[in-house]
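*Asks:* What follows is a structure written as structure tokens; I'll ask about it next.
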Amino acid sequence: MQDAITINGLTKSYPGTPPVRALKGSDLSIRDNEFFTLLGPSGCGKTTLLRLIAGFEVPTDGTLKLFGENISKLPPEKRPVNTVFQHYSLFPHMNVLENVAYGLLRQGKPDARRTAQEMLDLVHLGEFAKRRPSQLSGGQQQRVALARALAPHPRVLLLDEPLSALDLKLRQSMRAELKRLQRETGITFVFVTHDQEEALSMSDRIAVMSRGEIQQVARPAEIYEYPATRFVAEFIGDANFFEATPRMNGDSAATYHVSDSIRFAGPALPANAKGGKVTVMFRLEKARIAPGRADGSLGGTISDIEYLGSQTEYRVTLDDGMSVAVRSENHQDGTAIAEVGSQATVEVDPEAIRVLVA
Amino acid sequence: MIRSSDRDIRWLPGFNWITLCFFLFLYLPLIILVVFSFNATRSATVWDGFSLQWYVKAFSNDDIQNAAKNSLIIAAVSTLFSTVFATMAAIALGRNREIKHKTAFGGLLLLPLMIPEIVTAVATLTFFTAINLSWGIGNIIIAHTVFCIPFAYLPIQARLRGVDASLETAARDLYSDRRTTLLLITLPLLAPGIFSGAMLAFIISLDDFIITMMVAEAGSTTLPIYIYGLVRTGVTPEVNAVSTVLLGISVIAVLVSQWFAKKQ
């Protein structure tokens with residue numbers, strides 16, 4: 001099947017001294033009928049990429065294809081792509097129905113008003129057709145913006161942090177709503193967010209971006225479990241990181257020496273490692289903590305305990321001053337395994353250890 | 001006893017009197033002018049009963065009719081042109097990303113507000129003479145259009161700043177080219193500002209004296225110039241009547257403009 005969006009070496013620079021390179025020669029394919037998320041901190045280039053796809057920005061270099069057709073030079077009104085804006089951008093001088101019908105009318109579609117009304121029904125706002133946008137709540141405006149962008153039935157729907165202005169409960173229910181709409185319409189969604197939870201829970205695939213570059217493109221679980229770079233590992237979820245020197249044990253395993261007393265058994269060194277030091281990491285919840293010490297084990301003194309509801313986080317200061325954090329599930333009543341200042345042992349399975357070369 | 005309000009700047013001693021004087025000096029002459037335009041006799045100081053005779057006289061005076069006609073034509077045409085130009089300037093400076101030195105252009109556009117009007121007047125007269133321009137009230141229309149542009153520009157530019165540019169982006173995204181976006185989104189949202197700008201330009205043009213005085217040729221007398229001519233031979237209730245009509249037009253223009261702004 002043909003990809004919905006293919007970009008090759010796409011670059012966007014803004015004039016300045018030195019020029020600001022918002023997007024640095026990125027390659028990416030977004031599949032048809034996919035819920036695809038661009039995730040990253042502010043200034044990482046995700047919104048620039050979205051605006052390039054929409055046609056609001058002209059690329060400095062590279063090509064942008066929509067279902068195989070090069071659209072790099074097309075103005076936004078010629079692209080079968082619609083956008084849900086961060087602050088909705090509903091036309092204040094038109095009522096809700098006129099807003100939703102706007103794109104259909106410009107396309108000269110017959111029955112624009114009837115289609116618009118159907119779209120409003122789809123987002124459960126059928127009875128608000130005659131209201132002005134200013135008379136609606138933030139969540140309702142959000143759904144009008146969705147209906148307006150979906151009404152012309154675009155081939156790709158772009159969503160620019162559409163949930164960021166909503167409160168927590170509404171945000172969570174809108175997630176489910178967005179996924180439902182994506183399934184029901186069969187339209188490719190490209191969703192921009194800085195919220196990892198949103199990205200992990202909604203997406204078929206995620207592209208993690210940093211400083212104008214795409215760091216990793218993968219399914220949510222793969223992004224979390226097998227981060228490709230240190231940036232991805234740090235940006236999504238929490239983890240312990242150590243600089244270590246690898247020693248191979250055969251072809252499939254290695255030991256990573258952090259210091260004289262700290263070493264981790266883990267997987268073999270990745271093929272792209274250049275030698276020298278590497279970064280090993282493990283997620284906080286993949287390690288276990290037990291009270292007391294045993295010889296040769298990884299351990300130290302508990303320096304802090306944080307109760308987080310479903311989990312408790314322990315911070316352990318290792319013998320040589322380094323620090324490691326562990327999260328354990330509160331299966332019973334959440335009583336800590338030990339007190340601050342007492343000795344504890346930390347165990348990490350070799351399967352939980354990840355080796356990062358970038 | 002010192003009350004806390006004594007230290008409040010709004011309660012400095014004498015503030016009430018200054019305020020009272022301000023309103024007296026500003027509005028009392030206006031009230032007297034309006035009241036004596038309805039006086040039954042020629043006196044501008046002694047009240048002799050109510051009469052509309054000065055209005056009847058003024059409206060039947062051919063010279064006043066002519067001056068009023070000139071004033072209205074000049075104000076209407078220069079309002080139209082200056083508002084169109086001001087709107088174009090505001091959109092260009094507020095939205096076009098390819099225009100450089102926007103601050104400089106915006107400053108130059110508003111500079112005439114700070115140039116002494118007599119200087120503009122002399123310069124315009126010299127210029128028109130030099131290029132041998134002699135189009136009757138056309139000369140005045142050109143001069144008025146030019147100096148009304150900054151006045152029309154101010155409220156339009158202020159309104160455009162309040163219009164989120166992402167609305168225009170959204171329209172482009174929804175299959176509108178630049179022209180359609182301008183017609184269906186930008187201009188409707190800008191309408192209150194354009195209307196205020198037009199009203200301001202209209203009043204400024206209607207009331208202008210110095211530049212008109214310099215530029216006007218024989219036969220293109222406007223109301224302010226005619227009133228000035230009358231006053232030189234003494235203030236009559238007829239002058240009061242004409243001035244009251246002028247005042248009335250300005251007040252109506254302001255009220256309409258406010259009503260329109262509120263309706264949006």
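Residue numbers (full-length UniProt numbering), protein chains in the order written: chain D, 1 to 358; chain L, 1 to 264.
Where a beta carbon is used, it is the ideal one built from N, C-alpha and C, also for glycine.
Check the C-beta distance from arginine 310 of chain D over to glutamate 329 of chain D and give it rounded, since I have them as a contact under 8 angstroms.
*Replies:* The residue asked about is misnamed: residue 310 of chain D is serine in this sequence, not arginine. So it is a contact: roughly 7 angstroms between Cβ atoms.
*Asks:* If contact is defined by three or more beta carbon pairs under 8 angstroms, each pair taking one atom from either stretch, is the region 116 to 131 of chain D in contact with the region 93 to 100 of chain D?
*Replies:* yes
*Asks:* Can you tell me whether residue 360 of chain D is buried or exposed? The criterion is at least 16 other CB atoms within 10 Å of its CB, across all chains shown.
*Replies:* A question about residue 360 of chain D goes unanswered here, because the residues of chain D that appear run from 1 up to 358.
*Asks:* Taking C-beta pairs closer than 8 angstroms, name the residues in chain L that serine 89 of chain D reaches, listed in chain order.
*Replies:* Asp164, Ser166, Leu167, Thr169 and Ala170
*Asks:* Residues in the same chain with beta-carbon distance under 7 angstroms from aspartate 48 of chain L, minus the five sequence neighbours each way, listed in chain order, please.
*Replies:* Asn39, Ala40 and Thr41
*Asks:* Straight-line CA distance for glycine 300 of chain D to alanine 352 of chain D?
*Replies:* 20 angstroms
*Asks:* Once you ignore the five residues that flank valine 34 of chain L on each side, which residues in its own chain have a CB closer than 6 angstroms to its CB?
*Replies:* Thr244
*Asks:* Confirm, please, whether the CB-CB distance from threonine 6 of chain D to proline 59 of chain D is below 9 angstroms.
*Replies:* Taking 9 angstroms as the Cβ cut-off, proline 59 of chain D and threonine 6 of chain D do not qualify as a contacting pair.
*Asks:* Here's the rule: buried if 16 or more other CB atoms are within 10 angstroms of the residue's CB, otherwise exposed. What is glycine 103 of chain D?
*Replies:* buried
*Asks:* Could you pull the DSSP bridge partners for arginine 247 of chain D from this structure?
*Replies:* Looking at the DSSP assignment, arginine 247 of chain D forms a beta bridge with D/Thr255.
*Asks:* Given a limit of 7 angstroms on CB to CB distance, which residues of the region 171 to 193 of chain L reach chain D?
*Replies:* Arg172, Asp173, Leu174, Tyr175, Ser176, Asp177, Thr180, Ile185, Pro188 and Leu189
*Asks:* Grab the span of the alpha helix (DSSP H) containing lysine 69 of chain L for me, first residue to last.
*Replies:* Start and end: 62 to 95.
*Asks:* Who are the neighbours of phenylalanine 85 of chain D on chain L, taking C-beta pairs under 7 angstroms?
*Replies:* Ser166 and Ala170
*Asks:* Just the chain L side, please: which residues come within less than 7 angstroms of alanine 54 of chain D by C-beta, in chain order?
*Replies:* Near alanine 54 of chain D (Cβ distances below 7 angstroms), the residues of chain L are Asp173.
*Asks:* Going by the beta-carbon positions, is the gap between alanine 4 of chain D and serine 13 of chain D smaller than 9 angstroms?
*Replies:* no
*Asks:* In this structure, does DSSP put serine 323 of chain D in helix, strand or coil?
*Replies:* Secondary structure at serine 323 of chain D: strand, using DSSP grouped into helix, strand and coil.
*Asks:* Where does phenylalanine 209 of chain L fall in DSSP's three states?
*Replies:* coil
*Asks:* For arginine 159 of chain L versus proline 192 of chain L, is the C-beta spacing smaller than 9 angstroms?
*Replies:* In this structure, the beta-carbon distance from arginine 159 of chain L to proline 192 of chain L falls below 9 angstroms.
*Asks:* Please name the residue in L/Thr212, L/Pro29 and L/Ala170 whose C-alpha comes closest to that of leucine 146 of chain D.
*Replies:* Taking the Cα of leucine 146 of chain D as reference, the smallest distance to any Cα among L/Thr212, L/Pro29 and L/Ala170 is reached at L/Ala170.
*Asks:* For threonine 83 of chain L and tyrosine 55 of chain L, what's the separation of their Cα atoms in angstroms?
*Replies:* 32 angstroms
*Asks:* My parser needs the beta strand (DSSP E) runs of 3 or more residues fully inside the region 153 to 215 of chain D; what are they?
*Replies:* 156 to 160, 188 to 193 and 205 to 210
*Asks:* Applying a beta-carbon distance threshold of less than 7 angstroms, which residues of chain L neighbour glycine 103 of chain D?
*Replies:* Leu174 and Tyr175
*Asks:* Let me make sure I understand the geometry here. Which of D/Pro152, D/Gly138, D/His124 and D/Glu285 has the alpha-carbon closest to that of arginine 113 of chain D?
*Replies:* D/Pro152
*Asks:* Does any C-beta atom of chain L lie closer than 9 angstroms to the C-beta of proline 59 of chain D?
*Replies:* By this cut-off, proline 59 of chain D is not an interface position.
*Asks:* So, under 8 angstroms CB-CB, arginine 155 of chain D and leucine 66 of chain D are touching, yes? Tell me the CB distance rounded to an integer number of Å.
*Replies:* 7 angstroms
*Asks:* So the candidates are L/Tyr226, L/Gly107 and L/Asp207; which of them puts its Cα closest to the Cα of glycine 248 of chain L?
*Replies:* Nearest C-alpha to glycine 248 of chain L: L/Asp207.
*Asks:* Under three-state DSSP, which class holds tyrosine 226 of chain L?
*Replies:* helix
*Asks:* Give a yes or no on whether 9 angstroms exceeds the smallest Cβ distance from histidine 194 of chain D to chain L.
*Replies:* The beta-carbon of histidine 194 of chain D is placed no less than 9 angstroms from the nearest beta-carbon of chain L.
*Asks:* Establish whether the CB of histidine 93 of chain D and some CB of chain L are separated by less than 9 angstroms.
*Replies:* yes
*Asks:* Would you call the CB atoms of isoleucine 142 of chain L and leucine 167 of chain L closer than 9 angstroms?
*Replies:* no
*Asks:* Could you compute how far the alpha carbon of threonine 172 of chain L sits from the alpha carbon of isoleucine 53 of chain D?
*Replies:* Checking the displayed sequence, the identity of residue 172 of chain L turns out to be arginine instead of threonine. Distance between the alpha carbons of arginine 172 of chain L and isoleucine 53 of chain D: 13 angstroms.
*Asks:* For chain L, check one thing: does any of its Cβ atoms lie closer than 9 angstroms to the Cβ of arginine 132 of chain D?
*Replies:* no
*Asks:* Per DSSP, what are the beta-bridge partners of proline 291 of chain D in this structure?
*Replies:* D/Ala344
*Asks:* Leaving out the 5 sequence neighbours to the left and right, which residues in its chain are closer than 6 angstroms to alanine 261 of chain L when beta-carbon positions are compared?
*Replies:* Pro192
*Asks:* Just reading off the beta strand (DSSP E) that asparagine 82 of chain D is part of, what are its end residues?
*Replies:* 81 to 84
*Asks:* Between aspartate 333 of chain D and serine 201 of chain D, what straight-line distance do the alpha-carbon atoms span, to the nearest angstrom?
*Replies:* 28 angstroms
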